[in-house]
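In this note's numbering, the protein residues as written are 71 to 334.
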């Protein structure tokens, strides 16, 4: 049986079977994955994963035949990503590095992904500029960022930016118009974009932020990447609701924006 998205082998047989069937239990991450995989070119295999984290995306892309190089600021995350590659018997290279100052020997990647990273850095344009230096002409750059959550801003009793900083968010989000200006400035042309996390998806996300707070959600997120049994069970409750996202118009603004750009 072909493993589901984000599958990493587990020690316990029952848990391994469950994770193999449903993949990583990150509802919004899975919604994002459905779209990003659609945007990637299957013909061009050399890909750079900026902000590769624990290696979930890098491993998945390697499993699908891509030649992957990942970079992340966290040395711990890079080590865990290398372990994930070993456990899945795939191949990918990982390096410790700042997304704002990418310095790799390879300067001719076909594609690059940067998923929910730019809200964590001081200057997102430096990330875009760094990716541009490592992409070939005509190379594809796919990025996702959250949009500002205005309902949460009105509901949270404390300063919203303070809550953002607790999970490393320097920016509270970007809309497409802002992203377009930054990409155009660095020599890219955006050829596709869409918002996702609309309708019920956005309502659920904003209520989770408002009720649980950023700190609690960050702790819960770590359990997701550890494939904790509680997150596996909750996944079955939330994910079907998020699929209703497809019932809403594509042009409406959602909790996240996804864009595909080409280097000119």
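By construction, the Cβ of each residue, glycine as well, lies at the ideal position given by its N, Cα and C atoms.
Here residue 146 is exposed. Its C-beta has fewer than 16 other C-beta atoms within 10 Å. For residue 129 and residue 266, the gap between their C-alpha atoms comes out near 24 Å. The Cβ-Cβ distance between residue 329 and residue 253 falls below 9 Å. Pairing residue 83 with residue 161, the inter-Cα distance amounts to about 24 Å.
DSSP, reduced to helix, strand and coil, places residue 305 within a helical segment of the structure shown. Under the criterion of beta carbons closer than 8 Å, residue 327 and residue 195 do not qualify as touching, at roughly 16 Å. DSSP, read as helix, strand or coil, puts residue 262 in strand.
Inter-residue distance for residue 131 and residue 72 is about 14 Å (C-alpha atoms, whole angstroms). Taking each of 170, 240 and 264 in turn and checking the Cα distance to residue 247, the smallest one comes out for 264. Per DSSP, residue 197 has no beta-bridge partner at all. Residue 206 and residue 91 have their C-alpha atoms roughly 37 Å apart. Beta bridge pairing from DSSP links residue 326 with 216 and 266. The Cβ atoms of residue 97 and residue 309 sit closer than 9 Å to each other. In this model, residue 123 and residue 249 are separated by some 22 Å (Cα to Cα).
The DSSP-derived three-state label of residue 192 is coil.
With at least 16 other beta carbons inside 10 angstroms of its own, residue 150 counts as buried. Residue 121 is positioned such that its CB atom lies closer than 9 Å to that of residue 190. Using a C-beta cut-off of 8 Å, the stretch 108 to 121 makes contact with the stretch 179 to 193, since at least three inter-stretch Cβ pairs fall below that distance. If one requires a minimum length of 4 residues, the alpha helix (DSSP H) runs lying completely within the stretch 124 to 187 are 126 to 133 and 145 to 158, in chain order.
Nearest to residue 134 by C-alpha distance, out of 102, 75 and 95, is 75. In terms of Cα proximity to residue 332, the closest of 302, 259 and 323 is 259. Minimum Cα-Cα distance from residue 204 among the listed residues 102, 157, 185 and 256 corresponds to 256.
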